[in-house]
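Participant:
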Amino acid sequence: MTDTSPHFNQTVRSDKWWVVDDLRIPSTPYPFQLDILILSPSFFLILEVKNIAGEIYFDDDFHQLIQTKNDQAQAYDDPILQVNRQRTQLLQWLTSKKVPIMPIETLVVSANSLTIVRAKNKEITEKVVRRNSLALKINSLAEKHQEDILSKKELKRLTNLLLKAHTPYVPKLLEIYKISTTELLTGVQCPNCRALPMKRKWGKWHCQSCSCCSSDAHLVAIRDYALLIKPTITNRELRDFLRLDSVSIGTKMLRNMHIPYEGTTKSRVYHLNWRDFY
């Protein structure tokens, strides 16, 4: 059985566990991200997935992962340290939510079936698995942790709590490409001919170039605002970006989109999630 979510690529549920992928949780001093988190009533398992080709060597002397490919060597951060750090951050987050203390296991998964994996330390070989042996390793961990700590109801509640806390990473494109907000073209773009700006008349957007008419062309502009500028917006900022003159039209537009907000009427701030505008 598969449950889909606007936050995740995939969330899979079975009778024994929940599997959530690409989980990013806000934390102090910075968010932590888990490639895959498996939750069962008796233990949790964090998987750090590496799809690195060639030959990889886990160097525990200098805590690095060394890739050799085409006679070229490249060093990466130690994924075992990385997944152990994620475990600590997840534990802290669970404690803050008053979740009962759970055993949390960690594994590094080599996802490329052609990759040669090497390590001299036996402890490392216990923490690193190839993709085709992952199921056997999970079954082994399930045998190790047989006592249920959470009920199915508690596990479902925790999974929903994690889904709710998930915050996708949105790159700051303006900073990356050194673009000022004053350089952005504002207004609502015509969905037909791409001309800017459309004019708001009688509850719809009208294109002055091709006479196209749209009732929701502004949604793309608001999504762009959330992605490029910031995830919050005021009535004034909405009107400036969409080139609207009317305060009442801006208020009605925001109300009709059912965007969560905080503050009183004059100082109200609306919280945007760019995924809601597709």
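Residue numbers (the working numbering): 565 to 842.
Each residue gets a CB set at the ideal place from its N, CA and C atoms; glycine is no exception.
#1: Pick helix, strand or coil for Glu711, following the three-state DSSP scheme.
#2: Could you tell me which whole alpha helix (DSSP H) segments of length 4 or greater appear in the segment 631-680?
#3: Looking at the secondary structure, which residues open and close the beta strand (DSSP E) in which His770 lies?
#4: Output the distance between the C-alpha atoms of Cys771 and Pro755, rounded to the nearest integer angstrom.
#5: Note down the Cα distance separating Leu726 from Asp585, rounded to an integer number of angstroms.
#6: So, is Lys580 buried or exposed, given that buried needs 16 or more other C-beta atoms within 10 angstroms?
#7: Is it true that the segment 765-781 meets the segment 818-837, where meeting means three or more beta-carbon pairs spaced less than 8 Å apart?
#8: Should Trp582 be labelled buried (16 or more other beta-carbon atoms within 10 Å of its own) or exposed?
#9: Just to confirm, is the Cβ distance from Ile680 to Glu619 under 8 Å?
#10: Would you mind reading off the limits of the beta strand (DSSP E) that contains Val693?
#11: Within the chosen definition, does the segment 700-711 reach the segment 636-649 through at least 3 CB pairs nearer than 8 Å?
#12: Whole angstroms is fine: what's the gap from Ser744's alpha carbon to Ala617's?
#13: Alpha carbon to alpha carbon, how far is Ile823 from Asn676?
#14: For the beta strand (DSSP E) that contains Leu760, what are its first and last residues?
#15: Whose C-beta lies closer than 7 Å to the C-beta of His571 among residues of the same chain, with five residues either side of it excluded?
#16: In angstroms with no decimal places, state the Cα-to-Cα distance between Gln753 and Lys794.
#17: Please classify Glu711 as buried or exposed, where buried requires at least 16 neighbouring CB atoms within 10 angstroms.
Facilitator: With the structure as the only source:
#1: coil
#2: 643-660
#3: 768-770
#4: 9 Å
#5: 11 Å
#6: exposed
#7: no
#8: buried
#9: yes
#10: 692-694
#11: no
#12: 39 Å
#13: 42 Å
#14: Segment: none, Leu760 is in no beta strand (DSSP E) and carries neither H nor E.
#15: Low per-residue confidence applies at His571: pLDDT is 36, beneath 50, and the placement is therefore not dependable enough to give any value.
#16: 19 Å
#17: exposed
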